[in-house]
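Shown next, in structure tokens, is the structure this report addresses.
In the numbering used here, the protein residues as written are 3 to 117.
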């Protein structure tokens, strides 16, 4: 059976960058401990990728430890915009090419400023 690859995996393969693939079942609500157990990694080594939008419809990506919360006011300051909000979950796949719970800052459909 052929292994399914994400855009991030294709990008790493193209650049000949080694990686280890971890998979888990995406659930609506998953705790850090459950995810850590699913992939066999220290919870402090797991990051999440969040996509935000500014009032002018520009998109910004933020990567942070899974247990941390994104402060939208601080994020807007970093991105040098007036304000940011989280994108509508229904637009995530169309915008990034990834489903909720599996978003990577690598290999998105378009390139967005990433912090």
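Ideal Cβ placement from N, Cα and C applies to all residues, glycine included.
| Asked | Found |
| --- | --- |
| Neighbour-count burial assignment, residue 54, 16 or more Cβ in a 10 Å radius | buried |
| Residue environment, residue 47, which counts as buried when at least 16 other CB atoms sit within 10 Å | exposed |
| Three-state class that DSSP yields for residue 67 in the structure shown | strand |
| Residue 43, DSSP secondary structure in three states | coil |
| Closest residue to residue 60 among 32, 12, 83, 34 (Cα-Cα distance) | 83 |
| Between the CA atoms of residue 97 and residue 111 - distance to the nearest angstrom | 7 angstroms |
| Inter-residue spacing [alpha-carbon to alpha-carbon] between residue 101 and residue 95 | 5 angstroms |
| Check whether residue 74 and residue 86 have beta carbons under 9 angstroms apart | yes |
| Inter-residue Cα distance where the pair is residue 91 and residue 17 | 30 angstroms |
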